[in-house]
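According to this note's numbering, the stretch in the sequence shown is residues 196 to 397, in order.
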Amino acid sequence: MALAAAFFVLDEDFSTHTGLEGRIAELIMPGLADLGFELVRVAVLGRDTPTVQVMADRADGSLITVDDCERISYAVGAILDVEDPIPGNWTLEVSSAGIDRPLTRSKDWDRFAGHLAKAEVMVPVNGRRRFSGVVLGASEEGGRLRLDDGSEVVLPFRELRKARLVLTDALIEATRQTARPEAPAEEAGPEADGKKKSQHRH
196 MALAAAFFVL DEDFSTHTGL EGRIAELIMP GLADLGFELV RVAVLGRDTP
246 TVQVMADRAD GSLITVDDCE RISYAVGAIL DVEDPIPGNW TLEVSSAGID
296 RPLTRSKDWD RFAGHLAKAE VMVPVNGRRR FSGVVLGASE EGGRLRLDDG
346 SEVVLPFREL RKARLVLTDA LIEATRQTAR PEAPAEEAGP EADGKKKSQH
396 RH
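Shown next, in the form of C-alpha cells:
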C-alpha cells in the first residue's frame with residue numbers, strides 16, 4: 196500500500212496525527228526536544244523506498260541552520276534505525292519550516308499574528324473550505340483569520356487540512372530578525388524559500 200503525504204497538527208493540545216507518521220512523531224519528538232528543537236511536521240512519501248520528511252524549528256524561535264539540520268538528521272536517523280518503524284530502505288529528509296511555513300500548532304498562529312496566510316479545512320466553515328487573510332492568533336477553538344472583507348473566521352484545528360503563511364516582504368523581514376547573531380550570514384539569511392535541508396539514506 197502506498198504511503199501518502201499528509202498534513203499533521205503536532206501541538207499536544209490538539210494533536211491529530213495518526214498512522215505511521217504519528218508513530219514516527221511519537222518516537223522522535225523527545226529526542227528533538229533534548230537537542231533544543233521542536234517538531235513542526237512529519238510526512239512519509241513513496242512506496243518502495245519511502246522518504247521520511249521531518250520539518251523542525253529551534254525551540255528558542257531563532258532560525259535553523261544547515262548544521263542544525265545535520266544534527267537533527269543524525270539523531271532522528273539513529274532513533275528510526277533502532278525503533279525500525281519502516282521496513283526496508285528509506286530516505287530521511289530534514290528541513291527547516293522555511294519562511295512561508297506551515298501553521299501546524301496553536302503557537303504558530305500566535306507567533307505569526309499580523310501576517311498573511313492561506314488555509315484549507317476538511318469540513319466547510321461558513322460554506323467554504325479555502326480561506327486567505329491576516330492571522331489573528333489562536334483561540335481554544337482554532338486558528339483565527341481576518342478575511343479581505345474585514346470579517347473574522349475561526350478555523351477548527353482538528354478540521355485543518357493545511358495552513359501556510361504567504362511570502363511577503365514583511366514576513367521576510369520578521370524572519371531575518373530571528374536570525375542568531377552568531378550564525379554565519381550564509382546560513383542564517385533566508386534562502387529562496389527560506390529553508391535549510393539535510394538528506395540521508397538508510
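Just so it is clear, CB atoms sit at the ideal spot from N, CA and C, and this is done for glycine as well.
On the premise that residue j lies in contact with residue i, defined as a C-beta separation below 8 Å, what is that separation, rounded to the nearest angstrom?
i: Glu216; j: Ala238; result: 6 Å
i: Gly214; j: Ile274; result: In fact, because the Cβ distance is near 18 Å, the residues do not count as touching under 8 Å.
i: Gly328; j: Asp305; result: 16 Å between Cβ atoms; not a contact.
Give me, in chain order, the residues of the same chain whose beta-carbon lies closer than 7 Å to that of residue i; leave out the 5 immediate sequence neighbours on both sides.
i: Phe324; result: Note that residue 324 is Arg in the sequence shown, not Phe. Contacts found: Glu315 and Val316.
i: Ile259; result: Ala251, Asp252, Arg253, Ser291 and Lys391
i: Asp344; result: none
i: Val458; result: Here the chain comprises residues numbered 196 to 397, so residue 458 is not present and cannot be evaluated.
i: Arg266; result: Leu230
i: Ser334; result: Val349
i: Ser268; result: Leu287, Val289, Ser393 and His395
In whole angstroms, what is the alpha-carbon distance linking residue i and residue j?
i: His310; j: Arg341; result: 10 Å
i: Phe326; j: Leu360; result: 12 Å
i: Arg236; j: Thr299; result: 7 Å
i: Phe307; j: Pro280; result: 34 Å
i: Lys357; j: Gly322; result: 17 Å
By Cβ distance below 6 Å, which residues in the same chain neighbour residue i in space, the five residues on each side in sequence not counted?
i: Gln394; result: Glu288
Within its chain, find whatever has a CB closer than 8 Å to the CB of residue i; leave out the 5 residues flanking it on each side and keep chain order.
i: His397; result: Gly272, Leu275, Asp276, Asn284, Trp285, Thr286 and Leu287
i: Glu377; result: At Glu377, the pLDDT of 45 sits below 50, so the modelled position is not reliable and the matter cannot be decided from this model.
i: Glu354; result: Val316, Met317, Val318, Val320 and Gly337
i: Thr246; result: Val239, Leu240, Trp285, Thr286, Leu287 and Glu288
Over what stretch of residues does the alpha helix (DSSP H) that includes residue i continue unbroken?
i: Val261; result: Val261 to Glu278
i: Pro319; result: Premise fails: Pro319 lies in the beta strand (DSSP E), Leu311 to Val320, not in any alpha helix (DSSP H).
i: Gly226; result: Gly214 to Leu230
i: Arg306; result: Ser301 to Arg306
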